[in-house]
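Per the working numbering, the sequence shown starts with residue 353, numbered consecutively.
To start, the structure itself, in structure tokens.
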Amino acid sequence: MDLAEDRIAEVHQLVQNVEPSSRQASALPGSEYHSLHAQAVAYPGQGADHNPHPSGYFQGNARHLVGPAVRRLLKEHQLDINLIEGSGRGGRVTRDDVLAFIAEGRAHQNDDLAAATVSVASTQTQAKVIEPGADMNTVASIGASRLVPHSTMRKAIAHHMVDSLLNISPHVTSVFEMDMTQVIKHRNQCKLGFMEAGIKLTFTAYFLIAAAKAITKVPQVNARFHDDALEIFEDINIGIGTALGDEGLVVPVIRQVQQKNLFQVASALQQQTDKARAGKLTPTDLKGGTFTISNHGVSGSLFATPIIINQPQVAILGIGKLEKRVVVEEIGGEDVIKVRPKCYVSLSIDHRALDAYQTNLFLSHFVEVIERWGSDNTFSNRQVDPSRL
């Protein structure tokens, strides 16, 4: 005899005769048929309160005697039946109960998403309208802020930096260490004579001369990349990155450095940097550069990478902070500890135009010129006449 609907079966009690050969049974997939069988038979030897499935799909009461549609929904949405309020007889969870629970959950998710969106939107709005003394209860946790409009120069710098780094040149940087002992000695001997001539002798002037000498050894550094060729320039026109504080950065150009001596380079450098800081540079002063130097060490930076290439050039030289460092030198076959004035020097390159070989060769020549300053006739320490340097 079939068990009436909504009645609880005793252990081993016959619930209903189901013929596997019947059209109704054969129409059910195997998994659903066995699922029905499993739900209809209580577990032998166990009380009604026993729960063999900790997940909560089955309990020993009427609300957990669910049909295949309910079971499928619970599994599909990974739901715990214990969290769903049943509306059927005896608290049984029906298909409509599960669907209502799912719909309610999605509504909460949408509410949370909307709240988050409003929070973000209000934060963005607050960033624009917050004034001193505003009610901080309405301000997001990031606190008060103010908008500083970009200057024309800053917009141009931003566009150029992004374009150079992300759209044009694959940047690679190599770093060497450089001993400044000989340059410091030479500058100490010559700076008074330069001052009497109205010229300040800076380390940057030495870097310009050394860069020009290294370029004559590795001319590919002084070039422009084209899809079908590398255009190598005869003149060495070196731009000098000049900071203008919060206003931005400009790069005035010293032309034909390969033809100038130290005094001429120092004079041209002083003229251009003075014009830059006075805001008197002309467009001509900023054009025609074939190579650039960034002496970022003057602000305390040890080294920087990558220093973004000044397009359409293929390389930029960076000079780090000069500081005394402890080094080990071999003297007379013995290791001796010395204190030397040193700095890092880097070359960031456009890897389309240059490889590690040219990069390191350039840096080797550059460092050699600096470290051996005064060892040849051109830059002899005895030549203290500024006009001859």
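Each residue gets a CB set at the ideal place from its N, CA and C atoms; glycine is no exception.
N-terminal and C-terminal residue of the alpha helix (DSSP H) that Pro635 is part of
Position 283 of the sequence shown, counting from 1, holds the residue named residue 635. Unbroken alpha helix (DSSP H) run through Pro635: 635–638.
What is the rounded straight-line gap between the Cα of Val666 and the Cα of Pro501?
As a position in the sequence shown, residue 666 is number 314, starting the count at 1. As a position in the sequence shown, residue 501 is number 149, starting the count at 1. So the two alpha carbons sit approximately 32 Å from each other.
So, is Lys612 buried or exposed, given that buried needs 16 or more other C-beta atoms within 10 angstroms?
In the sequence shown, the residue the question calls residue 612 occupies position 260. Classification of Lys612: buried, given that the 10 Å Cβ count is 16 or more.
Member of Gly726, Pro664, Thr642 whose CA lies at the smallest distance from the CA of Gln610
Translated into the one-based positions of the sequence shown, residue 610 becomes position 258. Closest in C-alpha terms to Gln610, from the list Gly726, Pro664, Thr642, comes Thr642.
Can you tell me which residues form a DSSP beta bridge with Val603?
Position 251 of the sequence shown holds residue 603. In the DSSP output, where bridge partners are listed per residue, Val603 has none listed.
Helix, strand or coil: how does DSSP classify Leu699 here?
Start at 1 with the first residue of the sequence shown, and residue 699 comes out as number 347. Correct three-state label for Leu699: strand.
Is it buried or exposed, Met532, if we count other Cβ atoms within 10 angstroms and call 16 or more buried?
Numbered from 1 along the sequence shown, position 180 holds the residue referred to as residue 532. Under this definition Met532 is a buried residue.
Express the C-alpha separation of Val697 and Leu582 in angstroms, rounding to a whole number.
Position 230 of the sequence shown, counted from the start, is the residue given in the question as residue 582. Position 345 of the sequence shown, counted from the start, is the residue given in the question as residue 697. Rounded to the nearest angstrom, the gap between the Cα atoms of Leu582 and Val697 is 25 Å.
Would you report the Cα separation of Lys694 and Arg576, rounded to the nearest angstrom?
By 1-based counting over the sequence shown, the position of residue 694 is 342. By 1-based counting over the sequence shown, the position of residue 576 is 224. Cα to Cα, Lys694 sits roughly 32 Å from Arg576.
Considering only the alpha carbon of each residue, which of Val535, Arg692, Ser521, Gly443 lies closest to Ser727?
The sequence position of residue 727 within the sequence shown is 375, counting from 1. With distances taken between Cα atoms, Ser727 lies closest to Val535.
What residues match up with Ile645 in a beta bridge as DSSP calls it?
Numbered from 1 along the sequence shown, position 293 holds the residue referred to as residue 645. Bridge partners of Ile645: Ile592, Leu669.
Give every residue of the same chain whose Cβ lies closer than 7 Å to the Cβ of Phe655, excluding the five residues on either side of it in the sequence, and list them in chain order.
The count along the sequence shown starts at 1 and reaches residue 655 at position 303. Within the same chain, Phe655 has close Cβ partners Val527, Gly670, Gly672, Tyr696, Ser698.
Would you kindly check if the distance between the Cβ of Gly640 and the Cβ of Ser503 is under 8 Å?
Taking the sequence shown and counting its residues from 1, one reaches residue 503 at position 151. Taking the sequence shown and counting its residues from 1, one reaches residue 640 at position 288. No, the pair does not count as a contact, with Cβ atoms beyond the cut-off.
Simplified DSSP assignment, three categories, for Val746:
The chain is shown only over 353 to 741; residue 746 falls outside these bounds and no answer can be derived.
I want to see whether chain B comes within less than 8 Å of Gly726, judged by CB atoms only; does it?
In the structure shown, chain B cannot be found, because there is only a single protein chain.
So Phe718 packs on Ala563, CB below 8 Å; how close in whole Å?
Working through the sequence shown from its first residue, we reach residue 718 at position 366. Working through the sequence shown from its first residue, we reach residue 563 at position 211. Confirmed, Cβ separation roughly 6 Å.
Can you look up His538 in the DSSP assignment and give me helix, strand or coil?
In the sequence shown, counting from the first residue as 1, residue 538 sits at position 186. Looking at His538 - three-state DSSP - the assignment turns out to be helix.
Identified DSSP bridge partners for Val680
As a first step, residue 680 must be located in the sequence shown, where it is residue number 328. For Val680, which the question treats as bridged, DSSP gives the partners Ile689.
Residue interval of the alpha helix (DSSP H) (run including Ile567)
The residue you call residue 567 lines up with position 215 of the sequence shown. Residue range 555–569 is occupied by the alpha helix (DSSP H) that includes Ile567.
Please determine if the region 700–718 and the region 536–546 are in contact, where contact requires at least 3 C-beta pairs separated by less than 8 Å.
Cβ pair count under 8 Å is below three, so no.
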